[in-house]
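Protein chains in written order, with the numbering used here: chain G, 750 to 1020; chain H, 5 to 323; chain D, 167 to 693.
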């Protein structure tokens, strides 16, 4: 058992903290999510540890509930993107031939339209509900996971132990899930960390552009948007959610880095 | 051998063109299913029913879709992008201006970010697991984790408003000289550089480290070559493929994904242009923008693939 | 001390503090009353100076805009039209006329025929001389049944138009005492041959002519040397930059990149005002932020439910939190004290959860959530306002469910279609126009589905009534009808809040529309 490096421990602890905060939100939040409890942009006080927001709601409460939404959306979207992307990618790599061609070119097709623009167009014409949001984000991101998992699987596919399994006459399911998947897991898990972060940033960006979750619920990007006008006048209300996004991102990245070790992988960027 | 490479390149180009054609169909179909009425979106809240009817008639919204697609494609092949529905301007002209702005911003950011990223990647490999590597990793991790709009506002506040070193709003016009333009876009360039730097740098580092584990590198080290020369002469050529891939991905992002930075700094680029026209249902403009974005992305990917082939003998001679 | 005195003087000239306050504070600096008076006088009579380039940072423009005044609906096209074009007349803040391309307007005895004397010797930017024929053609273009003009609504009551020598004559279908006000509609800028030949050429008679046009980005103007009015147009050039992001707009003002910004977010107006080198100006307007119910659609067809929703909104809180105090409470009518003939004796409706609960109980509503549709584009802070409303209604036991709609297509898919939504109304110069636009049974934009025969009769009667007392009584009766039976929930009237750098002189309080009703370029100058 290797020793867990300190950054990874920090990452694990913070990630766990954020997730438990999200799950326990209704129990630990001091006020209701839409409840007006004070003046506009109050400075931090004992009653409001982070101050109040642009219409006088408790910022800590908003942050806790916002975290719940953000983490929920990002987690589910990552799950969708991984299940879809990885399955299709492995599948395409193992079957090869025209199935691979059709899938890969189809993915190229979707990827050739910028994700953010694609999402903006889709969301600006559809009712923005949580399931729609999660589905759109997950499916758009699945293209990137597909590329990675296919690339990894193609490499593994030609290794001797897989050839041996094929010669043994194992079925496709066996080859995908028992031979290739275990060996592709490490880069995929590391990628999952990164994709999760991009999801968090993505949903924040969407909210920032005004296409996020329904009020009075909010996610961190939405809270930044609500309070951003104060930034240039030294009002920090928008910095808290932004810092939360950054800390969550860094924590998950640290964990992902640790898992990644020295495995190389092709990763999709923010775009 | 050269014949094989040529054939591969030709294949790749042909495939890209086919892809582009498919994208044009996809974009056209996509714009057709956008709900909402063009005429109503153009005229806004104060539209009268008569004005609406008149406009609808004038825009020729009664033609069948396939006919409009063919007409559009035909015009496209002759270099005619059509005219905007909302203000009757020539789309080619309007987009030309916006697109050159976008390219200017992207190119400036890329010229700074790409060499810097590769250099930092090299440094962190040279000093791997020592403090320079850790500092670089830490900073890059932080910069990739902060939302770009926040980086934008913070830079705007400190550098633009408090210190007054750079304009907080990046508006260009023809009257400006090259250096003036460069000065005007310094803040968005800084934000974009921060955003794409980390990704490329981490990729360079990972790819190099991966190659450094190979036996032939050990051989080179045993020959007594210096660390730098091992990395530069022996490891780099084999790490080019993944690096080029990630660089192209980020270049594409610089061109097509900067809506947020454009919104924050009021930069007159393509992203804002597209979003404006989507909200007004100005279909010809949306189609033209979408196609240009797709062409950029497909083109860059093609370049990445071709460079990978040329750089890597193993890919040049497939088993 | 000098600097503080300067700041004080500036504030009194801007109307921020009263003269009396000024004198008492000046005394605190050890100044005698006469010395203080001299200080004030010396500043107040400052003469316009020519020169400089005025830069304006404006929100409300898209890359889809054109220079055709007929197509002008949002803020930036409004400002460009006002900059290169002129209407027959403008309305002063006090409701009197400022004659521009017309020299006078005379009604017939029954107020059905109006004669406008057209100014002579006025030159278009392309060198042509403006004639009454151009005026007639312009009005034709906006009232044509083929037009897409935003002014078609105000032109509809006109039966006939003709030219008689240097007179332009309008026959109204019904007596209309307010007709000249209609001619101040900003879309009705006079263009050569009415703009039939080149509607978007940007040729007008204004103080500045267009030199560069980049829709959604920037517009450049230079002073028109042959402009007819020497007392206007002091800048060498005017540059309008389209800056839709409010934070970026304010930052540009603070860093001195622009001299004037529009639409300062009320929540940060006080903070912006503290920045050096600029001040925030606010003026009460006629625009109002509203929630509208369709009076003919269940459950809003029940007047008790409508009243319950009206009593369930906390107007003071809205003005404080959404408008940051830069506004005034509404009274569920679209009219406020800025209008002529306003009846200020109408009792103010206030937040009353018990009364709201009582009406709600009486309405027999089944308790299912009432869906309120909003969008960021409905008005600034609309989504926040809806959340405040949700909270205050919940206190009265009324469940409201907020549904945020995409900003895109909000005006075409939601507003005037869904039974309960957030909206915005800009003001109109006179009550008749406001009511005719949105409350007459046959109005196109009757967005509250308010059908009331008695109201319609009163409206037509008031329009032709020349006895002002009688007219005021009629408008008062109509106001009560809208307030107590209509579908309008009007929590607040917003101020126009703008940021102006100190070097800009000649600023006046004008609440007809934003940025001095678009006349800052022609009336202001640099110190």
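Glycine is no exception: its CB is placed at the ideal position from the N, C-alpha and C atoms.
Would you kindly report the start and end of the unbroken alpha helix (DSSP H) that includes residue i?
i: residue 910/G; result: 909–917
i: residue 957/G; result: 930–957
i: residue 621/D; result: 619–630
i: residue 906/G; result: 879–906
i: residue 346/D; result: 345–348
i: residue 97/H; result: 95–130
i: residue 650/D; result: 634–651
For residue i, which of helix, strand or coil comes out of DSSP?
i: residue 380/D; result: strand
i: residue 796/G; result: coil
i: residue 294/D; result: coil
i: residue 165/H; result: helix
i: residue 323/H; result: A caution first: residue 323/H carries a pLDDT of 48, below 50, which makes its placement in the model too unreliable to give a value.
i: residue 684/D; result: helix
i: residue 923/G; result: helix
i: residue 486/D; result: helix
i: residue 310/H; result: helix
i: residue 338/D; result: strand
i: residue 199/D; result: In this prediction, residue 199/D scores a pLDDT of 47, lower than 50, which makes its location untrustworthy; no coordinate-derived value is stated.
i: residue 138/H; result: helix
i: residue 508/D; result: coil
Taking residue i as the query, report the chain H residues whose CB atoms sit under 8 Å from its CB, ordered along the chain.
i: residue 426/D; result: In chain order: nothing, as chain H lies at least about 14 Å away.
i: residue 773/G; result: Those do not exist, as residue 773/G stays about 24 Å from chain H at its closest Cβ, beyond 8 Å.
i: residue 957/G; result: 151, 153 and 264
i: residue 991/G; result: 150, 151 and 154
i: residue 999/G; result: 145, 146 and 149
Identify the continuous beta strand (DSSP E) that holds residue i and give its terminal residues.
i: residue 656/D; result: 654–667
i: residue 256/D; result: 255–257
i: residue 326/D; result: 324–330
i: residue 501/D; result: First-last for residue 501/D: undefined, no H or E at that position.
Between the beta-carbon of residue i and the beta-carbon of residue j, is there less than 9 Å?
i: residue 621/D; j: residue 607/D; result: yes
i: residue 953/G; j: residue 819/G; result: yes
i: residue 994/G; j: residue 150/H; result: yes
i: residue 693/D; j: residue 669/D; result: yes
i: residue 426/D; j: residue 665/D; result: yes
i: residue 314/D; j: residue 359/D; result: no
i: residue 540/D; j: residue 588/D; result: yes
So with CB distances below 9 Å, who are the chain D contacts of residue i?
i: residue 789/G; result: 433, 486, 487 and 490
i: residue 784/G; result: 557
i: residue 267/H; result: 410, 411 and 414
Along chain G, which residues have their Cβ under 8 Å away from the Cβ of residue i?
i: residue 549/D; result: 964
At 7 Å on the CB atoms, spell out the chain D contacts of residue i, in chain order.
i: residue 981/G; result: 413, 416 and 417
i: residue 978/G; result: 412, 413, 431, 433 and 434
i: residue 1002/G; result: Under the 7 Å cutoff, chain D gives no residues; its nearest Cβ is about 28 Å from residue 1002/G.
i: residue 286/H; result: 230
i: residue 96/H; result: What residue 96/H touches in chain D: nothing, since even the nearest Cβ is about 14 Å away.
i: residue 92/H; result: 232 and 366
What residues from chain H crowd round residue i, counting only those whose CB sits closer than 7 Å?
i: residue 384/D; result: 175 and 177
Using a C-beta to C-beta distance shorter than 7 Å, which residues of chain G count as neighbours of residue i?
i: residue 278/H; result: 866
Run down chain H in chain order and give the residues with a C-beta less than 9 Å from the C-beta of residue i.
i: residue 409/D; result: 173, 175 and 270
Along chain G, in chain order, which residues have C-beta atoms closer than 9 Å to that of residue i?
i: residue 159/H; result: Those do not exist, as residue 159/H stays about 11 Å from chain G at its closest Cβ, beyond 9 Å.
Run through chain B and tell me which residues come within less than 7 Å of residue i, C-beta to C-beta.
i: residue 298/H; result: Going by chain labels, chain B is absent from the structure shown, which instead holds the protein chains G, H and D.
Notebook entry, point to check: Counting Cβ pairs, one atom from each stretch, are 3 or more of them under 8 Å apart for the segment 784–791 of chain G and the segment 7–14 of chain H?
Noted result: no
Note to self: Could you check whether the segment 159–167 of chain H touches the segment 75–92 of chain H, counting it as contact only if at least three pairs of C-beta atoms, one from each stretch, sit closer than 8 Å?
What the structure shows: no
Notebook entry, point to check: Should the segment 199–215 of chain H be regarded as contacting the segment 121–137 of chain H, the criterion being three or more beta carbon pairs within less than 8 Å?
Noted result: yes
Next item on the list: May I ask you to verify whether the segment 292–312 of chain H touches the segment 858–869 of chain G, counting CB pairs closer than 8 Å and requiring at least 3?
Entry: yes
Item checked: Cβ pair count under 8 Å reaching 3, the segment 581–598 of chain D against the segment 440–458 of chain D -> yes
Next item on the list: Flag this pair as touching only if the segment 373–390 of chain D and the segment 404–417 of chain D have three or more C-beta atom pairs under 8 Å; answer yes or no.
Entry: yes
Note to self: For the pair the segment 71–85 of chain H and the segment 337–355 of chain D, tell me if three or more CB-CB distances fall below 8 Å.
What the structure shows: no
Next item on the list: Evaluate the contact criterion for the segment 216–236 of chain H versus the segment 188–198 of chain H: three or more CB pairs, one atom per stretch, below 8 Å.
Entry: no
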